[in-house]
Every structure is written in structure tokens, then in C-alpha cells.
Amino acid sequence: MVDQEHFEPVIIGFTCNWCSYRAADLAGTARVKYPPNVRLIRLMCSGRLDPTFVLKALAGGADGVLITGCHPGECHYLEQNYKALRRFLLLRRTLVAMGLEPARVRLVWASAAEGVKLAHEIETMVAEIRALGPLRWRQNGFTPDNAHDAHAFAVAAEEVSA
Amino acid sequence: MTQYLFYPGCAMESSARAYAASLASVARTLDLDLAEVKDWNCCGATEYLGINLIPAYALIGRNLALAAQQAKQQNGSGAHTLVASCSACYLNLAKADHYMAERPVLGDRVNEALAVGGLGYKPGTLQIRHLLDVLINDIGISRIREKVTRPLHGLRVAPYLGCMVPRPDYDHRWSDHEQPDELDRVLRALGAEVIDFPLKSECCGGHMPQISPNTAFELIRRLLQGADQYKADLIVTVCPMCQMNLDAYQDETNRHFHTRYRLPTVFFTQVMGLAFGEDPGALGFGSEIVDARPALARIGTAPVAAEPSGAGPRAKAAGLPMPGRRPEERER
Amino acid sequence: MTATDVSPAEPNHNLRFLEEVSAATAGVSRLEMCIQCGTCGGSCPSADDMDHTPRMLFAMIRAGMRDEALRSNTPWICVSCYHCVVRCPQDVHIADVMYTLKSMAVRAKLYRDAKAPEFSQTFVDAIENYGRSFEFGLATRHYLRHFPLRLPGMAPMGLGLLTKQRMSMTPHRIDGIDQLKAILARAKELELTS
Amino acid sequence: MTTQPQDPAQPKEKIGVYVCHCGSNIAGIVDVAEVREWAGQRLAGRGVTVARDYKFMCSSLGQELIEKDIKEQGLNRVVVAACSPHLHEGTFRTACGRAGLNPYLCELVSIREQVSWVHTDKHAATDKAKAVVSGGVERVRHHTPLEPLRVAIHPATLVVGGGIAGIQAALELADAGKKVYLVEREPSIGGHMAQFDKTFPTLDCAACILTPRMVSAGNHPNITLLTWSEVTEVHGYVGNFTVKIKQRARHVKTELCTGCGICQEKCPKKVIDDVYEAGLGYRKAVYTPFPQAVPKYPVIDVENCTYFRKGTCRACEKLCPTGAIDFAQKDEVLTVQVGNIILATGFDLFNPQKVTQYGYGRLANVFTSLEFERLTNAAGPTNGAIVLRDGKTVPKSVGIIHCVGSRDRNFNNYCSAICCMQSLKFAHLVKERTGATVYNFYIDIRTTAKAYDEFYQRVLEEGTLFVRGRVAEVTDAARLPGEEGKLILQVEDTLAGKQRRIPVDMVVLSAGLQPRADAKATAQVFGLSCSADGWFIEKHPKLDPVATMTEGVFIAGCISGPKDIPASVAQGSAAAARVLSTIDKGEITLEPVRASINATQCSGCRICNTLCPFGAISFLEADRVSEVNPALCQGCGTCVAACPAGAISGTGFSNDQILSQIEGLLMLNMEYA
């Protein structure tokens, strides 16, 4: 596919202020190279990740979403990364049920010291999504409006776990 | 019974017949089922790599491919383990498997070559292990000890592994790169007195007798000297090359240095068979150039020593406490 | 960007020699990581007979001293004991590099002492023809050619090995020799394109 | 702020976008002019009224540029595209504040660490920079003016680890009149420094300079010394930590004990002392680790005490003149309140038994550096005599190996910083006390601090033989005449280009430093993280080396990596200074990132209540709604994300802010599609 060949995925990455955002900073200071396809958003904690954010990103044209947080046991807020993990698993199950390839939503633990690791994970993810091709949720009628339904679904699922 | 695929290597058919014969006997006693890889070819020893890279790995690759194919047909639970008895063969097989995975360019080229012969090998399919590793970790020391009917009490042995078993050890199978204790433990289980041989993983000279004999003689001399310093009766080895160099070139080495070492060198499976009560002739004894009979005559002459006595140059120091053994060793 | 880049002011075209060696070692040598600590040269059991210690040889490779490096007897005296490999603090793939240097030296026809290359070649010839090694033929051919004066001294040993049936007079040819030959022929083509 | 007349089509935000070149750091990869131009034109409809690029935005001229625009053009939002917010967020917020704009209406987006430094394709990097700016612009539109949170600081401080760094920190704070709890897991403070005999490069006696410090710490009215104790739990946040400390039973009543030492003299049970004597000497089951121990009270080591193991003996109890032995004592748990914490838990010595080729543990006369320290120490097992393992023979030749377990990918890949100087010190001591021939085997000599290289010169002058080469192996297998009965160091003398075998009587391994075996567990107790090699991570390696990412928790000494004594002492003081400044202010200001619940939207489902690990959310039975206690809330935002009614909002990271940022980041994506 000609289209596929020139396809450059866009990935929205959610980072934790205390670990993975700093890992990204460290990758920078150490001049570790990774593909420019990922655009990062800083949250205070991976626990802040609202499933809506992921849906919004995918519906808004992103081809994948990277969620990063502190390693289990190292959360700056004691244990909120476990909640993020739980939420992530539910959300991904929901998204897969909606027809999304699981590789498009990825969870990575990266401590503030793991700049190289984060860069490597980004590289892998970009390659995987490049292979999958564009998501085109936006063009294919999946709009942020009905994303709210999915949000409700995800939240309902979360209630079970919370 | 667990079945293993077995790669004997060329030496087992010629210079190391004693190894082959004694292994067959020991395997019977221990219920070790070794299925020879059909129509295997030479591993290239240490020669082919110095000439061509891809052909050298393709040569080894053919063995891996044949073994993997056979493993698939046999479907046995342990059949994905390929056992080698020769150190160089073990290393070559393990190295090819490791590098084909680690360096995809190499793996692809090797497979491209193998494809011409209708073969292919996916790295990681087989576990490549040395015979000693299988004996100690799968069969186990206690089972070996159970089978001993004629303990080797009174025999002082130098455990000698040579280089290519404990190094480079891609899969981290050995207790140590420098002073591994696997062979010591087997020999101790047989009732032999095992000296703490510091040269146990030093080089025997490999192919140097053919290339730079003086280099080889010096390496052989060091080993003989070391075993002699510890008053060993016998050197016990796991490798055809080591056995060949220490045994067949011992006279030449003595002549070269004006020394008079007489240190018989035999395979560990030979002394295992002996301890299991087999007839020495059936174990290939007698094929060594340096006669092992005087050493074997010592068996049963002394009660077993729990620890090697201080007859070697390393006297136990009294005074300040010695540091403890490695934590990993304590666990085992 | 790397230290091996040839700057226009640098007349030595062999500065890429290190990269060449790495490429021929299936892509990875880690020679660029060498800190010249000498662990390899200290560990080497046969260092006394080498023209250069492995460490020096690596320095020469880095300096682009191509011919000198390929003329060195060091790789040929290497016994592949892997002591240097497991001790190297920088994980330089020393034994692999030694094999690479041997094959490069043979191709460049720079190594003068024919004993070792010919031994390897003889060994390989046997494999390529029979699929298994052929110790008796190999040893006799090799000794006649390179150590004729030693033969009388070695004869008892050879005889011993023969009478004890530890040397076969005839080589064993594997069934799949044609398959093997085809594989090796293809492998050689692939080698040339690397 | 005055409200300007508005064009109804135009957003009410007036945003200034400032793109920094950072010299060539950003401008070398990102076309900053293009980003500026794009932002000015394409984002005009999103409220951008000013867009500029400048060589160094963080310079005073750069900041003035922003201030001028705020004042003259009435900007009410600012986006700076430059380095990481962790570096300069404060700088630009302060600049906005100076110009009269609420500092929290400024957004710093990273186009250096996360764009120019990590990407190589100029076009792609420029595009990404545009997207990042656009994300910042969309986000900043939803910023609201905030006030920083002020947190009161409890004036007491917890110092963990009683080595020289911890002692220094505790004394600085105590001398300034502040209360300190100094927790040490061993029976005495002193740490590794107490094991040494001499310190480089001055050759001061370690005990002579350390003991007075230990005594001061032990006697200080402001220091509560808790030895034989460990911190088990930490709760709360900067300003107000609640710390649980387990005080192990000493089995000695300190109020009765005079420290006379009769108990340890009479105790029949001899134990190898792996801690203080580094395994080279013995102690009793009841013991003080060394004569100058602080406190002077001994402890009973329950694991080895005959009474505890077999129920008989009680020699110490019978012979104690003051009846201070108490076998019935139990561990106690203490709870203390502190405002700040300083961790100074030090290092472990690399165990050179892992480097099998050096024979440590197999060859009697191979010693570790710590063992050698004990050999040379007058209070050590040989009273300072440098002798072989037999306890009597003075070596005629000694080989000292540098970099054991350091600078080695098989073990620790980093330089341990102190080994060169330590090895030089050993060479000097051997020469001075035995006259033996000394060889030092090194890869590189690193003598970078004050008076260090001069010491190297002195050791050279004394005739120590330096061999540049990393020792390959130490063996007792004699090969050549003269090697029998010796330890042979086989090495390539890289300067001579030859392999050498050097027979000696004694080998000393300058083993490297490594993180404490339980560093990871410690990090978890204090909510910190360790780097890949296990050392604790500083907030900033250069500019904030004693702070951590957890506000109110500081680190000093070898906890963050190998250090010598001067550096450890400096860090102890530095950490104390950081703590003092907050105590003296009485409060610190924190990011106003907090959650709050809109009671009218709250359905009372209580999902959020259990999600908060700080217990900041409670349910008001009367109103059937939940409520956030802002004093306890730490701003993680987990509740915000979980509220099914969308009733919880978080300042600084509201749904609007983040959703808009996503839109902004994807703007370029949309254009291409």
C-alpha cells in the first residue's frame, strides 16, 4: 500500500511527572534518539489518566496511546500506579471489544532513571503501529461525541473494580 | 525416561573411543537415553571460523537443523535438549544458536544457506547442553552416588574441564567461569579424593600441537606440573581435545622440557563406569598412551578423605578468619 | 560523528579498519569499547608466543594499522580459551575478532607463516569432502609438510594412537554430503556479499 | 487586570508564545523561526496575539521581553517553548508574576529535552515542536489564576544513617537549635569511617577526627540518638511526616549500664564480626562494636547469644556490676513527627568473591580493602600490624589491585571514585610499616580532588611500583622458579606491552562501592527511586544533588553514589542547610495541584473515598456527598479520573486543560489528514 509506506503514526503519550516525564527529560539530556512520532502530556500521576483522555486522543486522530507510570511499588503517591494499571487493563479490553488492535494502547513503567528504556519502548511502539497502519477513527465515524458512551462504559467497568 | 538428542562429534569415533564406550556404559547404568543426531557432520572445531564466517555457522547450522527436525519427530519431553560430549562441539553448537539469535543478519544468512539443503533452524529451538551439565543437573549427584558399587577411595584425581565448557557460557549454566565445581562434585560422589586443582579450566593447547608445538608443550607442561604439585594420581577430563593433548603429547612434552611427568589422563565417564563396577576394558581403559593402571591400582588403598588433605602447596592458614564461601555456593 | 570518521585532513584510509573488522564479525565486535586495560593480554595463556598482546592488536586496529595487524601472529596463537572474553570489563568480543582477523589475513595474503592457515584449510577440506574430520590423514599431511624433523619423535605416539585404534585410516563420509556441499557453497556466496 | 474590549469572534485569551533557541540546542534541529511564524499565524484564532523567538528566553533580556509584552500588549496567558518545565518553569512563572500576571497562567512546553535533543530529522522535529506549542496554547487557555499552597513545617528532622554524612547533617541541624532524630541500624554510629585507620590524602587518623563528632552527636541535647533501630514506615508529606521506628531490644538497660565492658569481656561466645571488623576479627555475643562506640551501651546479639539459643549461660547477667542486663526486653516501635527527612544510608562493599579469578575466599592471603583497613587499624584484630592471614608473618611484597568490581560490565559499570586514592593510601601504609615491595595495578589513576595528585606523587617517590594493567588473575599455581608458596599476579604490563607474572606474599583488592543490598526496600519506605545501578536518584545531579523528587526528603553521602569523606561531609551539611531554610521559614510553598469536589454534582457514590491513599476524601453523611481535605490531598488526580459524575476537578490538571492539550497536540495531525 502506497499510503502505508508514507504513513507516520502519531502517538499521544501520557507521562507521570515524577518518573516517566523525567525519563523523557533524561533521554533528552543524554541525547538518546527516538522517532518523533510521540507527543507527550504531563500528568501528576498515571492515576490521573482518565479513560476519556485515551478515547479523545484516538478519536482526535492519534494512531496510538502510550501510558507510562512509575514501576509498581515506586509510585510517588504510594499506589496510584496500580489503579492506573487496573484502569488500563479494563480500558484496553473495552477498546479491543470496540475493534481496536491491542498494540495501539500500551502501558510502560519507566523510572526517572530509565531514559534509554523509555526511548526504546517508544521506538518499538512506533514500529508496531507503523505496521498496523493508520487508525482513522476520526474519518470512520467514530467521533468524540460517541466517545462519551465509551467513557461511560469504561467508567462503569471501573466501578466494578474500584 | 527422558530422551536427549546426542551430538557425539568426530573425536568420539576415533581418538576418544574410550569416551564413547564409557559413556555408553554409564548411560545404561543411569537410564540416560541419548538419541544420536542422524547423519550429523563435523562442527568445524576451531578451524572453520578462521577461514569463513557464514560457511562455518552454516556447517554448525546443519547439525542444529537436523537435530531440531529429529526432535520434532520424536516429541519426547526432553527431546529439545541437544547434548554434546566434546567441549569444542558443545561450544560451537551453543555459539551458533546464540549468535543466530543475537545477530539476525547472521541468522538470516545461515538459514538462507541451509534452505539450499531443504533445512532451516530457528535459534532457541534447542537447548544446547554439555553432557556433564545433564549428568549433574538432570540425573543428579544423589542418583550417581546411588549407583556407585566400587567407590574410588584412595584415588587422588585432578578434575580438569579445560576452557570451552565453562566459557563463554552463553546460557549461564555453570557455577563459575574460572573455578567451576561440577566435575569436582561428580568425582567426589564417586568416592575419589578430589584436589582443589587451580588449573581446572586452563587451556590444554587446543590445536597448537599442529600449529606451534612449543606453545602447546608449554601449556601441557603447566597442567602436568600443576597436577603433579598436588600429587594427583590421575587427571580426569571431559574433553577429547584435552585428553588427547595431555595424554598423547605427554612424552613429547617431557622430552621438550626434560621433565618426567607420568600423569594418566582419562575421561570422567571412564572413572564413573569404574565406580559403577564396570569392567575397565569395556570402559576403554588401555587405550590411553600414559598407562592408567598404576593409578587405578590405588583404588581402595585408603579410606575416603572428606576434604582434600593439605598435601598440595596451599596450606590452610590458621590465624585471622577466612571469608565465607560465596553465597550462591552456600545455597546449593 | 564517531571517532572512526575519516576527517579530510586524515590521510590514513585505514581508519575504517575497525568498522571493517566489526562488519566481518557478524556486525558486532565492541572493539570501539576497549579501554586498553590489558585484561586480555594478562589472561592469555599463549601471550608469550604472540607478536603483540591482544590489547596491542586492538590498539593497532583502532589506529588503522591494517597491514601490521593482519601480519601479526597473534590471532593464530590464540587458543580460543575464552579467558579474556569472560574477564573483559568492556565485553569486547575478543575470540570472535581473532577468528575474523585470521580470515581477513588469509584473504589479504598477509600472514607469512603458512602452518596455521594451511592446517585450518586442510581440516576444512576434509570436512567439505567427507562431512567429518579425518585426523589421521590430516595429521600426517600436516606433519610431513611442516614438521618433518619432528616426525621421528612423534612416530611412537602416532603408532600408539593407531594401534590403540584411536586414529581411523579411512575417513567417514556422511550420507548427506551433497546436501552439505550445496549448503556450504551457498554460504560461501553469501559470505562474499557481506 | 483590566478587561480589554473584545471582538466577539476573537477568544478572550491574549496569549504570547515565546520560542527559545537555547543557543543551538533547540535551533540546531528545530526551525524556531518557522515555529514562531506558524504559531503567530495559525494559532491567532486560538488567542495567540504575540509570537516571538529569542536566543535565550531564560536570560534576563528574554524574560524582560515577556514582561514587556504582558504589560504593553495586555497578554493574559503565556506559553514558553523551551526546555523542560522541571528546569525553568519557576523562572518564567516568576517573570510573569513580576509583570503582574498570575504565575500559573504561564505554561512551559519542552521542545529541547523532548524534541531537539532526541530527534534528528529537522522537518519532523519542527513539526513536532509546532504540535507541542499548539498543545500548550490549547492548554493554557484553560489555566486559571492560582495561589501556591503553603505548608507548615514541623521543626524536627529525621536523619537516617549514622555514618559521617548523617552525623554531619544531624550536628548542623542540632547546632542550629533544631530537634533531630538520628536513626542507626548498628549498635553504634560511626559507619564505615569508624573502620578506617587513616584518611587520604592527609593521613589524618580517622578515629581522631571522627570520634569527637560521634561524641557530640551522642551528647547533643537536640539529638535523639536511636541506634540498633530501623525506620519501618513513613506516612505524610513534607512538613509533617509520621515516622515509625523499630528499636530493637538491646537487652541492656541503658539507664543502668555504665559501659564498663565486663559483660563482653566475660561473654564466652565468640562471633566473627562481619560488620565492623569486615569479617577479619571477632566480637562477643554481647558487644559494642568498637571501644569508642557511641552510645557506649552494648547490645546482645540474640542470634548468637547462648542464652537465647540454648537457655543457659547468663554469664553477662551474673557478672554485670549494675544489673543492667535484661533478657526480657522487647523490641519497641516509636512514632515520631518530623518535617523533613535526610537519608544517609551509605554503601556496601562489593563482594570480590564474585571475581573468582582473584581468588578471594579461596586464597588465604588475598584481602579486601575493608579487611586491609582493619589490619592497619590500631584497634583492629592485629593491633595495626600488617600481617598475612596466619596472623604473624609480615609480607615482604604486596600487590594492590585497583578497580575490583568497578568499571566492569560484569559487575558494576561505574567508577567507584575512592579506590585510586584508597589504594595509594594502602601503598603508603605498607611501605611505612613493613618496608615491603608494593605493586599497584591500575587501569587509570584518578586523583582529581584537592591534594590528591600530590599524594600520588608522594607514593611514587616512596618507591611503590606502578603497573598499568588490570590484573588478569591471582593464582597460587607456581609455574616458574621463585613462584612457589607465593601468590602470583598475572597481568599485562600495558606500558611494556608484555605479560608479567609477579609473585607477592599478599594481595589487597580495592573493591568498589555498591548500593546497600536493601537500597530498593529503603527507597520504597521513603517513596524514592533508585537508578538502574541501584543508587538513589538526586532531584538534579548538578543543581540539586541533595534533594530528591519527594519534597522534604533529602539524601547525603554515598547513598547517591560513591563519594569520599570530604564529599560526604559536604553533602551532609548541604542537606542540613536545605532543611534549615524551610524550618526557619516555617512553611514551604507547594504547587497548588489539588482536587476538589463540586457538591452539587457529587452523587455520593463514594468511589473516590477508597481510591485516595492519603485519606483525604471523606463522606459527609449529612449531605450525602464526599469532600476533599486540601491539607491531606497531594494532587495525584486519581479521584478526578475516577469520578463517574465528573464532580471532582483538579487544579492545574483539569479535564479541560488536558483534553484541550490533546486537541492541540493533534492539530497538525488533523491538517495533514
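Residue numbers (the working numbering), protein chains in the order written: chain G, 1 to 162; chain P, 1 to 332; chain D, 1 to 194; chain V, 1 to 673. Heads up, the beta-carbon is just placed ideally off N, CA and C, and yes, glycines get one too.
Apart from the five residues just before and just after D/Ser-46, which ones in its own chain have a Cβ nearer than 8 Å to its Cβ?
In the third sequence, residue 46 of chain D corresponds to position 46, counting from 1. Excluding sequence neighbours, D/Ser-46 sits near Ile-77, Cys-78 and Val-79.
Name the residue from G/Arg-104, G/Trp-109 and G/Glu-128 whose alpha carbon lies nearest to the alpha carbon of G/Ile-12.
Numbered from 1 along the first sequence, position 12 holds the residue referred to as residue 12 of chain G. It is G/Arg-104.
Using a Cβ-Cβ cut-off of 6 Å (strictly less than) and excluding sequence neighbours within five positions of D/Met-60, which residues of its own chain qualify?
Locating residue 60 of chain D in the third sequence gives position 60, where the first residue counts as 1. Hits under 6 Å: Glu-68 and Ala-69.
Is it the case that the Cβ atoms of V/Thr-288 and V/Ser-216 are separated by a distance below 8 Å?
Locating residue 288 of chain V in the fourth sequence gives position 288, where the first residue counts as 1. Locating residue 216 of chain V in the fourth sequence gives position 216, where the first residue counts as 1. Taking 8 Å as the Cβ cut-off, V/Thr-288 and V/Ser-216 do not qualify as a contacting pair.
Excluding five sequence neighbours on each side, which residues of the same chain lie with their C-beta closer than 7 Å to the C-beta of V/Thr-322?
What you label residue 322 of chain V is simply residue 322 of the fourth sequence in a count that begins at 1. Excluding residues within five positions, the ones whose Cβ falls inside 7 Å are Leu-256, Cys-257 and Thr-258.
Taking Cβ-Cβ distances below 8 Å as the criterion, which residues of the region 473-491 of chain V are in contact with chain D?
Cβ contacts with chain D: Glu-473, Gln-490 and Val-491.
Checking contacts by CB at 8 Å: is G/Gly-69 closer than that to chain V?
Here residue 69 of chain G corresponds to residue number 69 of the first sequence, with the count starting at 1. It does not; no Cβ of chain V falls within 8 Å.
What are the residues in the region 276-292 of chain V lying within 8 Å of chain P by C-beta distance?
If the cut-off is 8 Å between Cβ atoms, the region 276-292 of chain V has Gly-279, Leu-280, Gly-281 and Tyr-282 near chain P.
Is it true that the CB of V/Cys-608 sits closer than 8 Å to the CB of V/Ser-626?
Stepping through the fourth sequence from its first residue, residue 626 of chain V is reached at position 626. Stepping through the fourth sequence from its first residue, residue 608 of chain V is reached at position 608. Contact flag set, yes.
Quick one: does V/Lys-270 have its CB under 8 Å from some CB of chain P?
By one-based count along the fourth sequence, residue 270 of chain V stands at place 270. No, V/Lys-270 lies away from the interface with chain P (no Cβ there is under 8 Å from its Cβ).
Identify which residue in P/Gly-107, P/Gln-73 and P/Asp-291 has its Cα closest to the Cα of D/Gly-27.
One-based indexing of the third sequence puts residue 27 of chain D at position 27. Out of P/Gly-107, P/Gln-73 and P/Asp-291, P/Gly-107 has the C-alpha closest to the C-alpha of D/Gly-27.
Which word fits V/Leu-480, buried or exposed, when buried means at least 16 other C-beta atoms lie within 10 angstroms of its C-beta?
In the fourth sequence, the residue the question calls residue 480 of chain V occupies position 480. Looking at its Cβ environment, which holds fewer than 16 other Cβ atoms inside 10 Å, V/Leu-480 is exposed.
Using a Cβ-Cβ cut-off of 8 Å, state whether V/Thr-494 counts as contacting chain D.
In the fourth sequence, the residue the question calls residue 494 of chain V occupies position 494. With 8 Å as the cut-off, V/Thr-494 counts as an interface residue toward chain D.
At 4 residues or longer, and completely inside the region 87-145 of chain P: list those alpha helix (DSSP H) runs for me, N to C.
Qualifying alpha helix (DSSP H) stretches, in chain order: 87-102, 104-116 and 131-134.
Rounded C-beta distance between P/Thr-149 and P/Gly-277? I'm assuming under 8 Å.
If you number the second sequence from 1, residue 149 of chain P lands on position 149. If you number the second sequence from 1, residue 277 of chain P lands on position 277. About 4 Å separates the two Cβ atoms, so the contact holds.
Below 8 Å, can you find three or more Cβ-Cβ pairs linking the region 215-229 of chain P to the region 171-183 of chain P?
In short, these stretches do not touch, since the Cβ pair count stays below three.
Could you name the residues of the region 437-454 of chain V whose beta carbon sits closer than 7 Å to any beta carbon of chain D, in the order they occur along the chain?
Correct list: Ile-443.
If you measure from the beta carbon of V/Arg-389 to each beta carbon in chain P, is any gap under 8 Å?
For the purposes of this step, residue 389 of chain V is taken as residue 389 along the fourth sequence, with counting starting at 1. So, interface residue.
Where do the ends of the alpha helix (DSSP H) carrying D/Val-92 lie?
Numbered from 1 along the third sequence, position 92 holds the residue referred to as residue 92 of chain D. Counting along the chain, D/Val-92 falls outside any alpha helix (DSSP H), and DSSP gives it neither H nor E.
Return the bridge partner residues of V/Lys-318 from the DSSP annotation.
Here residue 318 of chain V refers to the residue found at position 318 of the fourth sequence. Its beta-bridge partners do not exist; DSSP assigns none.
Closer than 8 Å, CB to CB, is D/Tyr-82 near chain P or not?
Residue numbering aside, residue 82 of chain D sits at position 82 when the third sequence is read from its first letter. D/Tyr-82 counts as touching chain P.
I'd like the list of long-range same chain contacts for V/Pro-11, defined as Cβ closer than 6 Å, with 5 residues on each side in sequence excluded.
Your numbering for residue 11 of chain V matches position 11 in the fourth sequence. Excluding residues within five positions, the ones whose Cβ falls inside 6 Å are Gly-47.
Spell out the partners DSSP gives G/Trp-109 in its beta bridges.
Here residue 109 of chain G is taken as the residue at index 109 of the first sequence, counted from 1. BP columns for G/Trp-109 point to G/Gly-69.
Going by Cα to Cα distance, which pick from P/Asn-92, P/Cys-89, P/Ala-88 and P/Ala-67 is closest to P/His-80?
By one-based count along the second sequence, residue 80 of chain P stands at place 80. Nearest option by C-alpha distance: P/Ala-67.
Grab me the residues of V/Asn-629's own chain with a C-beta within less than 6 Å of its C-beta, minus the 5 sequence neighbours each way, in chain order.
Residue mapping note: residue 629 of chain V aligns to position 629 of the fourth sequence, counting from 1. Ala-616.
Give the straight-line distance between the Cα atoms of V/Phe-619 and V/Pro-644, rounded to the nearest whole angstrom.
Reading the fourth sequence from its first residue, position 619 is the one you call residue 619 of chain V. Reading the fourth sequence from its first residue, position 644 is the one you call residue 644 of chain V. Cα to Cα, V/Phe-619 sits roughly 16 Å from V/Pro-644.
Looking only at C-alpha atoms, which of P/Cys-43, P/Thr-29 and P/Asp-33 sits nearest to P/Met-12?
Numbered from its first residue, the second sequence carries residue 12 of chain P at position 12. The option with the nearest alpha carbon to P/Met-12 is P/Cys-43.
Could you spell out where the alpha helix (DSSP H) holding P/Gln-70 opens and where it closes?
As a position in the second sequence, residue 70 of chain P is number 70, starting the count at 1. Unbroken alpha helix (DSSP H) run through P/Gln-70: 53-74.
Please work out which residues of its chain come closer than 6 Å, Cβ to Cβ, to V/Gly-359, disregarding the five sequence neighbours upstream and downstream, and give them in chain order.
The residue you call residue 359 of chain V lines up with position 359 of the fourth sequence. Result list for V/Gly-359: Val-366 and Val-474, in chain order.
Tell me the rounded alpha-carbon separation between G/Ser-20 and G/Val-116.
Here residue 20 of chain G refers to the residue found at position 20 of the first sequence. Here residue 116 of chain G refers to the residue found at position 116 of the first sequence. Computed Cα separation, rounded: 11 Å.
For V/Ala-532, which three-state DSSP category applies?
Residue mapping note: residue 532 of chain V aligns to position 532 of the fourth sequence, counting from 1. Correct three-state label for V/Ala-532: coil.
Using 8 Å as the Cβ pair cut-off and three pairs as the minimum, do the region 237-246 of chain V and the region 287-304 of chain V touch?
No, they do not touch.
Does the Cβ of V/Leu-460 lie closer than 7 Å to at least one heavy atom of the ligand COA?
Annotation note on the ligand COA: not contained in the displayed structure, which lists no ligands.
So V/Gly-399 packs on V/Leu-489, CB below 8 Å; how close in whole Å?
The residue given as residue 399 of chain V occupies position 399 in the fourth sequence. The residue given as residue 489 of chain V occupies position 489 in the fourth sequence. About 5 Å; that satisfies the 8 Å criterion.
Can you name the residues that DSSP bridges to V/Lys-198?
Along the fourth sequence, one-based indexing puts residue 198 of chain V at 198. DSSP lists V/Cys-205 as partners of V/Lys-198.
Could you work out which residues of chain V lie near P/Arg-222, taking near to mean beta carbons separated by less than 9 Å?
By one-based count along the second sequence, residue 222 of chain P stands at place 222. Going along chain V in sequence order, the residues near P/Arg-222 (Cβ under 9 Å) are Ala-477 and Arg-479.
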